[in-house]
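Student:
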Amino acid sequence: MNDRYDAGAAGHGADQYELVGYDEYGRPVYRQVPPQQQTQQPYDGYAQQGYGYDPYATGGQQAQQYDPYGADTGQQPQTPSYDPYGTGTHPQQHTGGHAAQYDPYGRTATSGQQPRVAEQTAYIPHQAGPVEEPVTQERGDRDYRTEQFAFVEEPDQDSEDVIDWLKFTENRTERREEAKRRARARVVALVVVLALAAAGGVGYLWYAGKLPGLTSSDDKKDTATPAGAQKRDVIVVHLHNTKKGGTSTALLVDNTTTKQGTTVLLPNALALSGDDGSTTTLAKSVDDDGSSGTRDEIDTVLGTEIQGTWRLDTPYLQNLVDLIGNIEVDTNANVPDPEAKSKGTAPLVRKGKGQTLSGKSAVAYATYQASGEAQNAQLERFGQVMQAVLRKLTSDAQGATTTVQTLGMIIEPPLTDKDLGAFLAKLADLAKGGDYKTALLPVQTDGTLSAQASASVVKDVLGGTAKSPDKDAAIRVSVRNASGVKDNTGKARVVLLNGGFSFQDGGSGATEATSEVVYADAADKDDATEVAKTLGLPAGAVDKGDVSGNADVSVVLGQDYAPSSS
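Numbering (my numbering), first residue to last: 28 to 593.
#1: Where Pro363 and Gln396 are concerned, what is the direct C-alpha to C-alpha distance, given to the nearest angstrom?
#2: Nearest CA to the CA of His267: which residue from Glu324, Gln59, Thr336 and Glu205?
#3: Using CA coordinates, which residue listed in Ala482, Leu524, Thr421 and Asp548 is at the minimum distance from Val348?
#4: Comparing alpha-carbon positions, which option in Phe528, Leu584 and Lys552 lies nearest Asp514?
#5: Mind pulling the beta strand (DSSP E) runs of 3 or more residues that sit fully within the region 277-364?
#6: From what residue to what residue does the alpha helix (DSSP H) around Ser505 run?
#7: Determine the extent of the beta strand (DSSP E) in which Thr465 is found, giving its start and end residues.
#8: According to the neighbour-count rule (16 or more other Cβ atoms, all chains shown, within 10 Å of its Cβ), is Tyr49 buried or exposed?
#9: Starting from Gly534, trace the beta strand (DSSP E) in both directions and tell me its first and last residue.
#10: Count the other C-beta atoms from every protein chain shown that fall within 10 angstroms of the C-beta of Tyr52, then say buried if there are 16 or more, exposed otherwise.
#11: Do Val569 and Ala578 have their beta-carbon atoms positioned less than 8 Å apart in this structure?
#12: Would you say Arg54 reaches chain C, if we count a Cβ-Cβ gap shorter than 8 Å as a contact?
#13: For the pair the region 447-457 and the region 505-519, tell me if three or more CB-CB distances fall below 8 Å.
#14: Using 8 Å for Cβ pairs, my map puts Val488 next to Ala466. What's the rounded Cβ distance?
#15: For Ala367 and Asp326, what's the separation of their Cα atoms in angstroms?
#16: For Glu45, write down the residues that DSSP places opposite it in a beta bridge.
#17: Where does the unbroken alpha helix (DSSP H) through Ser581 begin, and where does it stop?
#18: DSSP state of Leu420, grouped into three classes?
#19: Do you know how far the Cα of Gln59 is from the Cα of Gln102?
#20: Might you give, ordered along the chain, the residues of its own chain that have their beta carbon closer than 7 Å to the beta carbon of Gln432, omitting 5 neighbours on each side?
#21: DSSP three-state label for Val574, please.
#22: Put Arg208 into one of helix, strand or coil per three-state DSSP.
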């Protein structure tokens, strides 16, 4: 246990200490060395190394203190003891004159109590606080070591509260700044993600050619390409009803320039020109001229170039739908089951959106024509079924070819099963992507094409030019229905068109018992007789009279008219 050092305790006679270790705070610990009698001299701040100064003086030796002002106090000041570790000197008041202890670092001891500076004061454990020495010019040249200093804490009852408050304020500020940084980071990340998503979406729309206001170079090229110069692949398909008879015809068009697929429905009343220059209808041409002759006649009338003919009988259509796994159609009518024995049986196909049709129901819907309906209504149902089949068919050329081969159909040359499979696969891809539509070719009552039809379908879709047979080449027949049966008008129209006559609808009127065929000029008598024969009317029904409109022959259908006999 070290004795406490007291500046005024001269009784101890202790004037020097030596280092023995460090306490738990890192401060040096000293012990007392044998005492030496010293005489403390007053310190003169201006006398650092004057006369009488012995740098090698030991304790007990006296040196004359230099007074630069020549003042003589009559007594010699006592010098402080030497602190070898630079912690400050501790003056002691001794009796008698003793030489000042030498400081090897050039510092002279101080006497009296000097003002204390907290940040420059070091303490020795269990000893009184040192008296600070004034700053001298040589302090900057001194060599300080770490072990020369020791620091102690000066606890304050409010310091911890202040520190805690400062920490709290600092932590809260840091948390706010961190929250702001995280918020900014999240905003930046969100903006980057949205920008990437927008760029990806715009890029996809640009690539797909669906970006409003902007088009790719290919789209601009397609738009600039005239309709007649666009490349198209066309196949004609004839649906043969093997049970009820009759055909339904459509053109399957793949516009490879605009990437657009279309089903063009051709009414049976479409007027065609035969090889001999005579006028016929599409339905009659299919029955009489076959696939090859009909294909050429369609090319002549529409200005198209058909690559092949697909004969699709109703049993093959049923197998095709079953093979691809049914189809979805928005049906517009309730279709009765053709095999039902009673009228109260539930319909085979129900009217409604998204109806699932099997092969059997698809055939029944595609060939259904209700009583009083025009043939165009049935033709449009056929178009619905064809587009639904294409949506369900595979887009792979090899897979579509396998499907065609599985059906076992007889493919008419020059079309092959491989060509048909590849063609249907392309249309299936367009149908799945929404780039497919169905269009009905508008035909006038006489079977010819109007200017509207030429612009909307023939020119835009098919890229051709309408060339209907010359009206003067066929006998113009006006028909007025007075039989009381609405369907008789349409049936007579088909019969006359198939017979090579031009049909004009004369409307309907009051019911008459007998039918009548009237001609105006004697030159037209033979033509009138041929018209009566075509409609299944007796020769006595032919008579000379007034003819309505610009017709060559006028026909009045009476109650004696029997369409089945024509």
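Even glycine gets a Cβ: it sits at the ideal position worked out from N, Cα and C. Only a predicted model underlies this, so the values are computations on that prediction, with no experimental measurement involved.
Tutor: Well, looking at it:
#1: 11 Å
#2: Thr336
#3: Thr421
#4: Leu584
#5: Counting whole runs of 3 or more residues, the region 277-364 contains the beta strand (DSSP E) stretches 287-293, 298-300, 306-308, 335-340 and 354-358.
#6: Looking at the DSSP string, Ser505 is not in any alpha helix (DSSP H); the run it does join, the beta strand (DSSP E), is Arg503 to Asn508.
#7: Tyr463 to Leu467
#8: exposed
#9: Ser529 to Ser535
#10: exposed
#11: no
#12: Reference to chain C is not applicable here, since this structure consists of a single protein chain.
#13: Of all C-beta pairs linking the region 447-457 to the region 505-519, fewer than three are shorter than 8 Å, placing the two stretches out of contact.
#14: 6 Å
#15: 42 Å
#16: Arg58
#17: Unbroken run through Ser581 is the beta strand (DSSP E), Val580 to Leu584; no alpha helix (DSSP H).
#18: coil
#19: Residue placement at Gln102 is poorly supported in this model, since its pLDDT is 44, which falls under 50; the coordinates are not used for a value here.
#20: Asp444
#21: coil
#22: helix
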